[in-house]
Structures are given as structure tokens and as C-alpha cells.
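Student:
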Amino acid sequence: MDISLALKNPGQSYPFETTVEVEPMIVLDDPVRFDSVCLKGTYTGAGESVRIEASLEADVESRCALCLEPVKTHVEATVDVSFYKTPDPEDADAYPLDGYRIDIQPMVEEALVLELPMRFLCSEDCKGICHICGANRNIAPCTCQEGGERQNPFSALRELLTEDEEV
Ligand SMILES: [Zn+2]
Ligand SMILES: [Zn+2]
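Every number in the working numbering is 3 more than the matching position in the sequence shown, counting from 1.
1. Taking its Cβ as the centre, do 16 or more other Cβ atoms sit within 10 Å of N12, making it buried, or is it exposed?
2. Return the residue from the list L42, P34 and E60 that minimises the CA-CA distance to F19.
3. Exposed or buried, L59, counting other C-beta atoms within 10 Å across all chains shown (16 or more means buried)?
4. Measure the C-alpha to C-alpha separation of P34 and F123 and round it to an integer number of angstroms.
5. Exposed or buried, what is V30 when buried is set at 16 or more other beta-carbons lying within 10 Å of its beta-carbon?
6. How is P120 classed by DSSP in three states: helix, strand or coil?
7. Considering only the alpha carbon of each residue, which of R54, R104 and V63 lies closest to D83?
8. For C133 and C125, what's the separation of their Cα atoms in angstroms?
9. From which residue to which residue does the alpha helix (DSSP H) around A9 run?
10. Below 7 Å, is the gap between the Cβ of C41 and the nearest heavy atom of ligand 2?
11. Would you check if the distance between the CB atom of V40 and the CB atom of L115 is smaller than 8 Å?
12. Less than 8 Å between the CB atoms is what I'm expecting for G48 and A9, so what's the real figure, rounded?
13. Is the CB-CB distance between C129 and L69 below 8 Å?
14. In this structure, what does DSSP give as the bridge partners for P18?
15. Need the endpoints of the beta strand (DSSP E) that K75 sits in, please.
16. With C-beta atoms as the reference, is T76 less than 8 Å away from V63?
17. Per DSSP, what kind of secondary structure is E26 in: helix, strand or coil?
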């Protein structure tokens, strides 16, 4: 991104709007794919640095942590970071300023990853994959766990009721 205006006119904020393409990545063992990231905000020069204040959003696709089916969600984040002509190597949040250009890609990726959900779920009550037969139990309920560990009080109750009927 060209920020030469901010270098010429320190203290002045310039609005900008752009899109960034982010490569698919692996986050905590899950493949995560972003569509174009929309970035909107201002950049302001301060002599030796340029500050970016922006909000960004993107649609994200990953897989359900329980059944492994694709899941889509929307992620929003805000950034407030500075790019320096001579970044402090000790400061991980100080990005480099290359002439009159900045590379906003690393900043965008870091902001997005921080906003990802702890785990993706296709729905709140996803039944997941059966560890015994491998079936996706949202599609085809299997009977592997009957009599085994009880998933919830209702399934235990249901078993009691069917037993009563048989008597
Ligand atoms: Zn699921
Ligand atoms: Zn099963």
C-alpha cells in the first residue's frame, strides 16, 4: 500500500479502503480459508512512522470440530498498528516501512487469526462423528453408543421409557 501522502504531510489522516487476499492457512490443525478481506480506515504519518487504524472483515471457511463438515462464518477485527522506518526488533507489533510503501498482509493475517472462534461448529447441537463406526451422526444416527456412555440425561431417560414399554 502506498502511504507517501502520509509521509509528506505528517499529522494528516487519510482515509483508505482496500481488499487483501489471504492465503489458506492451518490454525490449530484446522484448514482455514478466507475470502477477500475488506479493510477500511485511515493512515496517518508521524515522521518516522505511519499509523494504520482500520476495521476489517472477511468470510471464513473451516471445518466443524466435531463432524468435520465445512463451516462458514464471518470474522471482524480492528487494527491500530504503526509501521516504522526503523522498527524496534524487540517489538513484535512494530511493522517495517519500506520507502513509501507498507505491506499490510502480515498485519491483516495476525488480526484475523486472533478473531477466529476457539473452534468451528456447524451447529450448537452438532452430534459429531461416531468414534466407533465413523458415521456422521447428524446424517445417519448409529446405535454404537447405546448402552455405553450416556450422551445426555434425555437419552438415558428415553432408554428407561422404552424399557418400561417392553415390560
Ligand atoms: Zn458438525
Ligand atoms: Zn457408530
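We treat Cβ as the ideally placed atom computed from N, Cα and C, and that holds for glycine.
Since the model is a prediction, treat every value here as computed from it, not as a measurement.
Tutor: Well, looking at it:
1. N12 should be labelled exposed.
2. The residue with the shortest Cα to Cα distance from F19 is L42.
3. Buried, by the Cβ-count rule.
4. Taking the straight line from one Cα to the other gives about 11 Å.
5. Looking at its Cβ environment, which holds fewer than 16 other Cβ atoms inside 10 Å, V30 is exposed.
6. P120 carries a coil assignment under DSSP once its states are collapsed to helix, strand and coil.
7. Looking at the Cα atoms, R54 is the closest of the given residues.
8. About 16 Å.
9. That run of the alpha helix (DSSP H) goes S7 to K11.
10. The answer is no for C41.
11. Against a cut-off of 8 Å, the Cβ pair of L115 and V40 comes out as a contact.
12. 3 Å between Cβ atoms; contact.
13. Between C129 and L69, the C-beta spacing is below 8 Å.
14. In the DSSP output, where bridge partners are listed per residue, P18 has T45.
15. Residues P73 to Y87.
16. Their beta carbons are under 8 Å apart, which means T76 touches V63 by this criterion.
17. E26: coil per DSSP, three-state reduction.
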